[in-house]
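Enquirer: The structure is given below, and queries will be raised subsequently.
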Amino acid sequence: MEFFGEVAAWFADPANWNGPDGIPARIGEHLVLSIVPLAAAVAVALPVGAWIGHTGRFSNLVINIANVGRAIPSLAILALAAMLLQRTIVDIGLRDSASEIVTMIALFFLAIPPILTNAYVGINEVDDQIVEAGRGMGMRDLEILRRVEIPVGLPVILVGVRTAAVQVVATATLGAVVATGGLGRYIIDGIAQRRFDEVFAGALIVAALSIATELGFSFIERRATSPGLRGRDTAPRELAQAGRPGGI
Amino acid sequence: MRMHRKLALGAATLALVLSACAPGEGGSSPSASAGATGGEGERSIVIGSAGFYEAQLMAEIYAQALEANGYTVERKLGIGPRDTVQPALESGDFDLEPEYIGSLLTYLGGEAAGDPEETFTNLQAALDEVGLTALDYAPAQDQNAFVVRQETASELGVSTMSELADAEGASDLVWGLPPECETNVLCSGALEQYGFTYGDLNIEQYAACDAPVAQALNDGVVDVAELCSTQPDIERFNFVVLEDDLQTQPSENIAPIVRNEWLDAAPADFAEILNAVSAAMDTETLTSLGVRVAVDQESIEDVAASWLSDNGLN
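Note that the protein sequences, when read in sequence, are chains A and B.
To convert a position in the first sequence, counted from 1, into my numbering, add 1244.
To convert a position in the second sequence, counted from 1, into my numbering, add 843.
Below, the structure is given as structure tokens:
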């Protein structure tokens, strides 16, 4: 119980809320460290996943590569990124941000598999009848993707983005091993200096931020899902039934 | 040294598990008591060591050097961390081990100095009380050290910490220092002794003696890093260890520690054999041998044997 008192005292200490190593600053660094690779991963993995979901081409290859990527431990990806890319980053004059860039690249690769897989699955599993209906209305491939498949597959696609986001926010902590800022500093520095109240407090903040990310994305998912698709399980049946009363 | 402690801890756990599994390894077994009664012309000795590879390597080198001179050696290598190994030695579980003079002195309650001679003298006094003796220490030291890339050393023309402090352009250097440096007198305190102002340094926080900081130094993310002086990365990346010319770091030379009971009855050549080994072992040599063990994955036995024969010690 004494320990939790120390953790509470750590949070109560105004010194931990100010300056470059205060909680707001660290959360800011952590968010930058997370948002950049997540956005990049979305920009790359969403179109690729959607396209292979739409065409079905290369799907096995791409999904399997993504899943192998998923199996590599994050720390190994980070070490590998540092080993392979750090020198180049320094050479092109980005020395001061080298640690951050290495970490972002590692997080980018971490974020790819869930986004890619869910984009593929979300698009691929759109009911063929709906796609055919679109085609029957004279839509071209891109139009079908944009106006039929993506809106219908969106709930699944967004789950992938949410999974990636939560993973990235939780894992950005590792950046502190290669000297980035962010909330990982509390954990790494705390361990190094045997300040376990700080370690625990840091872990709590990371957990809170992860949960907030989860909730935030859940909210976006609900808002972004077309009203006709809410309560996904029943929606397709309703749609199907809606088609029937012509009395076939 | 932090890395070593971690390794030692792991090895200790392993050793505990192994010793729990192996029958006849208990304190009362015949093999354990053989060491305690050895000596007197018998040329039979039990050698122990801590868990990490450097301690095992030194112990193996002692073992093979003695075997080459007709001794029978039983090995108890990789026993565990210092607080397991040391009581075992004092209680006669084995007779001889390699140790770092500064760390052992600190463990025994003394204060390690930067000067090896002073540390050694104090260590000897502390060892007297527990019935142990340190033979000659090797020039080889495994201590925290500030390390730069070869190019930095030649550009700035520095080989010692004092020269680095005086070097033109030293203020532009980026330091890879551990998070605890600020509160550690052996880190920030040492840097202040050389005339650096800790608060003015451009610091990236990396754990000392670890792989990421060595990588960062090699890639140019940092220019000076705190490593361990026998860390294999130093040889792999051709780093330059800056001499700690003000002796801010406790001396950590390696010395054979032997039980007095055994030493008193030892054959006349015993100390000579080990002193010859120590005399030939400097920090660069130990680092190279460490690379062969830890990076190239050669067996400790082979590495020990080839070094001994290169030096005509077996």
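Beta carbons: idealized from backbone N, C-alpha and C, even for Gly.
#1: Run through DSSP, which three-state label would residue 941 of chain B get?
#2: Of all Cβ atoms in chain B, is any one closer than 8 Å to the Cβ of residue 1276 of chain A?
#3: Using Cβ-Cβ distances below 8 Å, what residues of the region 1256-1289 of chain A are close to chain B?
#4: Smallest Cα separation from residue 1410 of chain A: which of A/1296, A/1279, A/1308, A/1247?
#5: Determine contact between the region 1269-1276 of chain A and the region 1365-1374 of chain A, defined as no fewer than three beta-carbon pairs at a distance below 8 Å.
#6: Closer than 8 Å is the cut-off here; do at least three beta carbon pairs connect the region 919-927 of chain B with the region 956-969 of chain B?
#7: Compare the C-beta of residue 1455 of chain A with all C-beta atoms of chain B and state if any pair is closer than 8 Å.
#8: If we define contact as Cβ-Cβ less than 8 Å, is residue 1432 of chain A a contact residue for chain B?
#9: Which residue from B/1118, B/1060, B/989, B/900 puts its Cα closest to that of residue 1140 of chain B?
#10: For residue 1070 of chain B versus residue 1051 of chain B, is the C-beta distance shorter than 8 Å?
#11: Under 7 Å Cβ to Cβ from residue 1008 of chain B, same chain only, skipping five residues before and after it: list those, please.
#12: Closest to residue 1422 of chain A by CA distance: which of A/1285, A/1462, A/1330 is it?
#13: Who pairs with residue 989 of chain B in a beta bridge, going by DSSP?
#14: Rounded to whole angstroms, what is the Cα-Cα separation between residue 1386 of chain A and residue 1342 of chain A?
#15: Here's the rule: buried if 16 or more other CB atoms are within 10 angstroms of the residue's CB, otherwise exposed. What is residue 1157 of chain B?
#16: Which of the three DSSP states, helix, strand or coil, is assigned to residue 1380 of chain A?
#17: Any beta carbon from chain A within less than 8 Å of residue 1049 of chain B's own beta carbon?
#18: Apply the 10 Å Cβ neighbour rule to residue 1326 of chain A and answer buried if 16 or more other Cβ atoms are within range, or exposed otherwise.
#19: Residue 1062 of chain B CB to nearest chain A CB: under 8 Å?
#20: Quick one, are the C-beta atoms of residue 1064 of chain B and residue 1018 of chain B less than 8 Å apart?
#21: When you compare the region 979-992 of chain B with the region 1093-1105 of chain B, are there three or more beta-carbon pairs, one atom per stretch, that lie closer than 8 Å?
#22: Between which two residues does the beta strand (DSSP E) containing residue 893 of chain B stretch?
#23: Which residues mark the beginning and the end of the beta strand (DSSP E) in which residue 1048 of chain B is found?
#24: Who are the neighbours of residue 1355 of chain A on chain B, taking C-beta pairs under 8 Å?
#25: The alpha helix (DSSP H) with residue 1464 of chain A in it runs from where to where?
#26: Who are the neighbours of residue 1026 of chain B on chain A, taking C-beta pairs under 7 Å?
#27: Compute the distance between the beta-carbons of residue 1161 of chain B and residue 904 of chain B, then report whether it is under 8 Å.
#28: Beta-carbon separation of residue 1351 of chain A and residue 1412 of chain A under 8 Å?
#29: Taking the beta strand (DSSP E) that residue 1313 of chain A falls in, what are its first and last residues?
#30: Which runs of the alpha helix (DSSP H), 4 residues or longer, sit entirely within the region 1354-1420 of chain A?
#31: I'd like the list of long-range same chain contacts for residue 871 of chain B, defined as Cβ closer than 7 Å, with 5 residues on each side in sequence excluded.
#32: Please work out which residues of its chain come closer than 8 Å, Cβ to Cβ, to residue 1023 of chain B, disregarding the five sequence neighbours upstream and downstream, and give them in chain order.
#33: Would you check if the distance between the CB atom of residue 1083 of chain B and the CB atom of residue 1014 of chain B is smaller than 8 Å?
#34: By how many angstroms is the C-alpha of residue 1453 of chain A removed from the C-alpha of residue 1440 of chain A?
#35: Run through DSSP, which three-state label would residue 1157 of chain B get?
#36: What does the Cβ neighbour count give for residue 972 of chain B, buried or exposed, with the cut at 16 atoms within 10 Å?
Expert: Quick look at the numbers:
#1: In this structure, DSSP gives residue 941 of chain B an extended state, which the three-state scheme calls strand.
#2: no
#3: none
#4: A/1279
#5: In short, these stretches do not touch, since the Cβ pair count stays below three.
#6: Segments in contact, no.
#7: Residue 1455 of chain A does not count as touching chain B.
#8: yes
#9: B/900
#10: yes
#11: 1037, 1038, 1039
#12: A/1330
#13: B/1069
#14: 39 Å
#15: buried
#16: helix
#17: At least one CB of chain A lies nearer than 8 Å to the CB of residue 1049 of chain B.
#18: buried
#19: yes
#20: Contact: no.
#21: yes
#22: 887-893
#23: 1045-1048
#24: The contacting residues do not exist; residue 1355 of chain A stays about 22 Å from chain B at best.
#25: Per DSSP, the unbroken alpha helix (DSSP H) holding residue 1464 of chain A starts and ends at 1440-1468.
#26: Contact of residue 1026 of chain B with chain A by beta-carbon distance below 7 Å involves 1437.
#27: Absent from the structure is residue 1161 of chain B, since the part of chain B shown begins at 844 and ends at 1157.
#28: yes
#29: No beta strand (DSSP E) holds residue 1313 of chain A; the alpha helix (DSSP H) holding it covers 1303-1315.
#30: Every alpha helix (DSSP H) stretch that sits fully inside the region 1354-1420 of chain A and reaches 4 residues is listed by chain position as 1372-1380, 1394-1415.
#31: Below a pLDDT of 50, predicted positions are generally treated as unreliable, and residue 871 of chain B, at 38, falls in that range; the measurement from the model is reported next regardless. Correct list: empty, nothing qualifies.
#32: Here residue 1023 of chain B has 1030 as same chain residues with Cβ atoms under 8 Å from its own Cβ, once five neighbours each way along the sequence are excluded.
#33: Taking 8 Å as the Cβ cut-off, residue 1083 of chain B and residue 1014 of chain B do not qualify as a contacting pair.
#34: 20 Å
#35: coil
#36: exposed
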